[in-house]
Every structure is written in C-alpha cells, then in structure tokens.
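Reviewing the structure listed below.
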Amino acid sequence: MGDVRGGGGGNRPAWLQQYDLVGKIGEGTYGLVFLARTSHRKGCIAIKKFKQSKEGDGVSPTAIREIMLLRETCHENVVKLVNVHINHVDMSLYLAFDYAEHDLYEIIRHHREKLNHPIHQYTVKSLLWQLLNGLNYLHSNWIIHRDLKPSNILVMGEGEEHGVVKIADFGLARIYQAPLKPFNHRDIEEAMERPIEEEVVVTIWYRAPELLLGAKHYTSAVDMWAVGCIFAELLTLKPLFQGVEVKATPNPFQLDQLDKIFKVLGHPTPERWPTLVNLPYWQNDQQHIQGHKYENHGLHNFVNLPQKSPAYDLLSKMLEIMLCRCRMVCRTPKEKGDVGKESRKKNTFSFWDVVLKPREESSLQKSQTRRAKELRSYRLMRKSLSP
Numbered sequence: 001m002g003d004v005r006g007g008g009g010g011n012r013p014a015w016l017q018q019y020d021l022v023g024k025i026g027e028g029t030y031g032l033v034f035l036a037r038t039s040h041r042k043g044c045i046a047i048k049k050f051k052q053s054k055e056g057d058g059v060s061p062t063a064i065r066e067i068m069l070l071r072e073t074c075h076e077n078v079v080k081l082v083n084v085h086i087n088h089v090d091m092s093l094y095l096a097f098d099y100a101e102h103d104l105y106e107i108i109r110h111h112r113e114k115l116n117h118p119i120h121q122y123t124v125k126s127l128l129w130q131l132l133n134g135l136n137y138l139h140s141n142w143i144i145h146r147d148l149k150p151s152n153i154l155v156m157g158e159g160e161e162h163g164v165v166k167i168a169d170f171g172l173a174r175i176y177q178a179p180l181k182p183f184n185h186r187d188i189e190e191a192m193e194r195p196i197e198e199e200v201v202v203t204i205w206y207r208a209p210e211l212l213l214g215a216k217h218y219t220s221a222v223d224m225w226a227v228g229c230i231f232a233e234l235l236t237l238k239p240l241f242q243g244v245e246v247k248a249t250p251n252p253f254q255l256d257q258l259d260k261i262f263k264v265l266g267h268p269t270p271e272r273w274p275t276l277v278n279l280p281y282w283q284n285d286q287q288h289i290q291g292h293k294y295e296n297h298g299l300h301n302f303v304n305l306p307q308k309s310p311a312y313d314l315l316s317k318m319l320e321i322m323l324c325r326c327r328m329v330c331r332t333p334k335e336k337g338d339v340g341k342e343s344r345k346k347n348t349f350s351f352w353d354v355v356l357k358p359r360e361e362s363s364l365q366k367s368q369t370r371r372a373k374e375l376r377s378y379r380l381m382r383k384s385l386s387p
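Numbering (full-length UniProt numbering), first residue to last: 1 to 387.
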C-alpha cells in the first residue's frame, strides 16, 4: 500500500492522516482492506483499496459501480459507505466503510471447526431475517446483488449495532429494469473488470441453475437461490452444493455444479420448466444426463429439518429449481417489494411470519446473551489466529 503504511504523517496522503491505521485485514482480486481508527467516529473503519483497472487508465469499473450503488442506498442491513478517497498521484481509489468484525463464513467455520456444534436456531433465525430484510430493500430499489455468499454477509461486533447483519461487496451488483434487458458481453466485462475470457456472475456454489444453463435474462430470483444456499449452510455448517472449484471461464455451463444440484433436487423437466429448452446450454445438459438417473432425494436428507416444518417450506421454495418464477422473489417497487406481505397474501411462505419479527418473540430475546457470547468467542478466535 506504499505511502498509506508510512509511519510519519508527511509520508501519507493528506486524507489518510485523519486515520490511525491498525493493519491489513483482507486481500482479494479487488485489492486490499485495512483496519483504521479515527478520532471523530466511534468504532473502527475498514478502508478498501482497489487495484487499478487492467488498462491502467485509472479507477476500475467495479469500484465505480460499487460507489454509485452504495451512495444511493441507506438501510440497516446494507453496509454503509462512509467516505471515498482518491490518491491523485497514482489514481488509486479507497473506500471507507463501517468495520464489521465478523462474517457468516467465519461464523460457520467457527461452529464447525472450533465449537463442533450447530448454530443455535434463534441465531439462524435472526441472521436469516436480517439478510432477507436487507435483500428486500435492495430488490425493492431494483438492485440485484449477484454475488451473495457467506463471506459477503457481515455481522457487526461490539458497539451500538452489535449483531447486526450487513450485506456487502457490491462489485457485481447492478440495477435492473422490468422487463429485464439481456446481459451482453460488454455489460459483464465492465461489471467484472475482467477480460471476456474470464466472465463470472456469482460464486459457483451459490449460483442459480438458470445461470449455470446460460440464461441471459434472469431476475432477482438468482439472489434468492443464493440465500437458500446460505440458509442451508447455516443449518448444516457445510455448503449444500459444494461442486469443484473452477477458475473463471467464459462458459457458464459448469457440469459438476449442476450435477451436485440435481443429486439433491432432481433434474428439471420441460413440463415443469417450459423455457428450459430455450436455455443456451440445455443441449449440453441433455448429453450429460443420458445414462444418469437423478432421484429427488429431497432436502430433508441434507438438512436437519422436518419436511412439514415452516423452515423446510421456506428453504424448499428458495431453492425451487423447476419453475424459477416460483422462487421467492421481490417483485417490483410498484408492488412495494414487500416479500412478507406478498407471502402472507398467497399463504405460501408460512415460515416468513416466524422470521419477520424475531425481536417480538420472547424466546429470541432470551437468546441475546447466548448470541453475545458467540460473537465474543468469534472475536477471541480472530485474535488467536492473528500473527
């Protein structure tokens, strides 16, 4: 990070002198993330430095997209963009966010590897409700996230927002319209800040089947599929559809990932999914399934939920494979995007009423101490893993 890590104030950009840098806390394809403190704000700040675009001509399209969307959003379950800074020497870009101490990936791993027991049902309920609450807000404002996964779902640590979920990482998000326009190569290339031969839409384990089959027109239902995968992972502490990890590729057809989905949910048919035969990679899929028998084993064999329970009802509808339009989805701002209201009206997602107002349930209120202890244990784990 060069001048950013310089010890003296004179060696750092003027804007950075307002921060007391603690250290690096993350690194990815986008760049680096540093933890900082500031005297004029409570709590810590996460500073995300973006790499320059591959063309070397300044700010990356991915960063611009994230700034544009987060500047227009304001919700308790969406990460807050505090400030934007530009180093005019090398045109590098820095985004400052409220720091979240945890994420769902870390919480799931901690329960699996350290505690060796499931996440408490009330904690799962609270996490899921907050995630859906934030996603409902995004979809109501015509935003598809397209990259929901446990590591992008943050959980605040100590402070006024202790335990609050924040949806983060909007580098692949986009605003959509009704009717949806197709995603052409240029759209994806700019969104991904990668050349055409490296196209990716969402992380493969959480990618909806219509995307894997090459759909060019899709809806916010792809986000609901990802939430269903996350919901199942919170229950079982392992990915539901853990296919082979692959490098970015121009071909969205991922045979192994589809295979994992079909082994759990069965294979779709044109009778149940009429537009299936029109998807670009339907023929590829047909060649593969010859000689394969996919029995619908049912989610109940993979998650510890009674089939007649409201939770199972919700999960199965989030992961509806045959009719993508049946998947739980926020419709349009005109319809107020109220998933809960729509669900109760149709009397379909019975679990939603259970999830909708968790703070009103005495049983959940009694679990506040338990959840606080869990979050403290995550914090101690992070300290023990720090160099």
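We put the beta carbon where it would ideally sit given N, CA and C, even for glycine.
Legend entry - Coil, strand or helix - Tyr281 by DSSP: Stepping through the sequence shown from its first residue, residue 281 is reached at position 281. It is coil, neither helix nor strand.
Inset, instruction - Please report the residue range of the beta strand (DSSP E) in which Tyr94 lies. - result: Numbered from its first residue, the sequence shown carries residue 94 at position 94. Ser92 to Asp98 is the extent of the beta strand (DSSP E) around Tyr94.
Inset, instruction - Check whether the Cβ atoms of Ile261 and Phe241 lie closer than 7 Å to each other. - result: Locating residue 261 in the sequence shown gives position 261, counting from the first residue. Locating residue 241 in the sequence shown gives position 241, counting from the first residue. The answer is yes: Cβ separation under 7 Å.
Legend entry - N- and C-terminal bounds of the alpha helix (DSSP H) containing Leu213: In the sequence shown, counting from the first residue as 1, residue 213 sits at position 213. Segment: none, Leu213 is in no alpha helix (DSSP H) and carries neither H nor E.
Inset, instruction - State the Cα-Cα distance for the pair Lys149 and Ala226, rounded to the nearest angstrom. - result: By one-based count along the sequence shown, residue 149 stands at place 149. By one-based count along the sequence shown, residue 226 stands at place 226. Note on geometry: alpha-carbon atoms of Lys149 and Ala226 lie some 7 Å from one another.
Inset, instruction - Less than 8 Å between the CB atoms is what I'm expecting for Leu211 and Tyr218, so what's the real figure, rounded? - result: The residue you call residue 211 lines up with position 211 of the sequence shown. The residue you call residue 218 lines up with position 218 of the sequence shown. Between Leu211 and Tyr218, the beta carbon gap of about 7 Å places them in contact (Cβ cut-off 8 Å).
Legend entry - Three-pair Cβ contact test at 8 Å for the stretch 161-168 versus the stretch 76-89: Output reads yes: the stretch 76-89 touches the stretch 161-168.
Inset, instruction - Could you please give the first and the last residue of the uninterrupted beta strand (DSSP E) stretch that includes His217? - result: The residue given as residue 217 occupies position 217 in the sequence shown. Here His217 belongs to no beta strand (DSSP E), and DSSP marks it neither H nor E.
Legend entry - Through-space distance from Leu70 to Ile86, alpha-carbon basis: Here the question's residue 86 lines up with position 86 in the sequence shown. Here the question's residue 70 lines up with position 70 in the sequence shown. Answer to the nearest angstrom: the Cα atoms are 17 Å apart.
Inset, instruction - With DSSP as the reference, please indicate the residues paired to Gly163 in a beta bridge. - result: On the sequence shown, position 163 is the one that residue 163 refers to. In the DSSP output, where bridge partners are listed per residue, Gly163 has none listed.
Inset, instruction - Express the C-alpha separation of Lys317 and Pro310 in angstroms, rounding to a whole number. - result: Counting from 1 along the sequence shown, the entry for residue 310 is found at position 310. Counting from 1 along the sequence shown, the entry for residue 317 is found at position 317. Cα-Cα distance, rounded: 11 Å.
Inset, instruction - Taking all protein chains shown into account, decide if Gln17 is buried (16 or more other Cβ within 10 angstroms of its Cβ) or exposed. - result: In the sequence shown, residue 17 corresponds to position 17, counting from 1. The residue is exposed, with fewer than 16 neighbouring Cβ atoms inside 10 Å.
Legend entry - Pairwise C-alpha distance: Gly43 and Asn152: Within the sequence shown, residue 152 is the residue found at index 152, counting from 1. Within the sequence shown, residue 43 is the residue found at index 43, counting from 1. Cα to Cα, Asn152 sits roughly 20 Å from Gly43.
Inset, instruction - Would you mind sorting Pro268 into buried or exposed? The rule is 16 or more other CB atoms within 10 Å of its CB. - result: As a working mapping, residue 268 is identified with position 268 in the sequence shown. In this structure Pro268 is buried. Its beta-carbon is surrounded by 16 or more other beta-carbon atoms within 10 angstroms.
Inset, instruction - Please classify Val84: does DSSP put it in a helix, a strand, or coil? - result: Within the sequence shown, the letter at position 84 stands for residue 84. Strand.
Inset, instruction - List the whole-angstrom C-beta distance separating Tyr94 from Ile45, where the pair is believed to meet the contact cut-off of C-beta under 8 Å. - result: Translated into positions along the sequence shown, residue 94 becomes position 94. Translated into positions along the sequence shown, residue 45 becomes position 45. With 8 Å as the limit, Tyr94 and Ile45 do not qualify as a contact, their Cβ atoms being about 11 Å apart.
Legend entry - Which residues DSSP lists as bridging Leu235, in chain order: Here residue 235 is taken as the residue at index 235 of the sequence shown, counted from 1. Leu235 is not bridged to any residue.
Inset, instruction - Taking 8 Å as the threshold, find out whether the stretch 153-164 comes into contact with the stretch 233-240 through three or more Cβ pairs. - result: Output reads no: the stretch 233-240 does not touch the stretch 153-164.
Inset, instruction - Taking Val155 and Asp103 to be in contact with their CB atoms under 8 Å, please state how far apart those CB atoms are, rounded to whole angstroms. - result: The count along the sequence shown starts at 1 and reaches residue 155 at position 155. The count along the sequence shown starts at 1 and reaches residue 103 at position 103. With a Cβ gap of about 6 Å, Val155 and Asp103 count as contacting.
Legend entry - Cβ neighbours of Ile143 in the same chain (closer than 7 Å, five flanking residues each side left out): Numbered from its first residue, the sequence shown carries residue 143 at position 143. So the list reads Leu69, Ala173 and Ile175, once near-sequence residues are dropped.
Inset, instruction - Starting from the N-terminal side, write out each stretch of the alpha helix (DSSP H) that is 4 residues or longer and does not extend beyond the stretch 33-78. - result: Annotation note: the stretch 33-78 contains the following uninterrupted alpha helix (DSSP H) runs of length 4 or greater, listed N- to C-terminal: 61-72.
Inset, instruction - Could you tell me if Pro209 is buried or exposed, where buried requires 16 or more neighbouring beta carbons within 10 angstroms of its beta carbon? - result: One-based indexing of the sequence shown puts residue 209 at position 209. For Pro209, the number of other beta carbons within 10 angstroms of its own is at least 16, and it is reported as buried.
Inset, instruction - Return the CA-CA distance between Val22 and Ala63, expressed in angstroms with no decimal places. - result: Counting from 1 along the sequence shown, the entry for residue 22 is found at position 22. Counting from 1 along the sequence shown, the entry for residue 63 is found at position 63. Approximately 23 Å, taken between the alpha carbons.
Legend entry - Helix, strand or coil at Asp256 [DSSP, three-state]: Taking the sequence shown and counting its residues from 1, the one referred to as residue 256 is at position 256. Residue state, collapsed to three classes: helix.
Inset, instruction - Can you check DSSP and say which residues form a bridge with His102? - result: Locating residue 102 in the sequence shown gives position 102, where the first residue counts as 1. The partner list for His102 (beta bridge, DSSP) reads Val155.
Inset, instruction - Whole angstroms is fine: what's the gap from Gln52's alpha carbon to Leu235's? - result: In the sequence shown, residue 52 corresponds to position 52, counting from 1. In the sequence shown, residue 235 corresponds to position 235, counting from 1. Between Gln52 and Leu235, the C-alpha separation is close to 39 Å.
Inset, instruction - Assign Asp169 to one of three DSSP states: helix, strand, or coil. - result: For the purposes of this step, residue 169 is identified with residue 169 of the sequence shown, where counting begins at 1. Coil at Asp169, not helix or strand.
Legend entry - Span separating the alpha-carbon of Ala14 from that of Ile25: Locating residue 14 in the sequence shown gives position 14, where the first residue counts as 1. Locating residue 25 in the sequence shown gives position 25, where the first residue counts as 1. If you take the alpha carbons of Ala14 and Ile25, they lie about 22 Å apart.
Inset, instruction - State the start and end residues of the unbroken beta strand (DSSP E) segment that holds Tyr19. - result: Counted from its first residue, the sequence shown places residue 19 at position 19. First-last of the beta strand (DSSP E) with Tyr19: Tyr19 to Glu27.
Inset, instruction - Confirm, please, whether the CB-CB distance from Arg37 to Asp20 is below 7 Å. - result: The count along the sequence shown starts at 1 and reaches residue 20 at position 20. The count along the sequence shown starts at 1 and reaches residue 37 at position 37. The criterion of a C-beta distance shorter than 7 Å is satisfied by Asp20 and Arg37.
Inset, instruction - Sort Asn301, Cys229 and Pro274 by Cα distance to residue 389 and report the nearest one. - result: No statement about residue 389 is possible, as the shown extent of the chain runs from 1 to 387 and does not include it.
Inset, instruction - Determine which residues share a DSSP beta bridge with Ile144 and list them. - result: Start at 1 with the first residue of the sequence shown, and residue 144 comes out as number 144. Beta-bridge partners assigned by DSSP to Ile144: Arg174.
Inset, instruction - Within its chain, find whatever has a CB closer than 7 Å to the CB of Ile108; leave out the 5 residues flanking it on each side and keep chain order. - result: For this step, residue 108 is matched to residue 108 along the sequence shown. Cβ within range, chain order: Pro150, Glu233, Leu234 and Leu237.
Inset, instruction - Would you mind stating whether Ser60 and Phe50 have Cβ atoms separated by less than 7 Å? - result: In the sequence shown, the residue the question calls residue 60 occupies position 60. In the sequence shown, the residue the question calls residue 50 occupies position 50. Yes, they are a contact pair.
Inset, instruction - Reducing DSSP to helix, strand and coil, say where Gly134 ends up. - result: If you number the sequence shown from 1, residue 134 lands on position 134. In this structure, Gly134 counts as helix in the three-state DSSP scheme.
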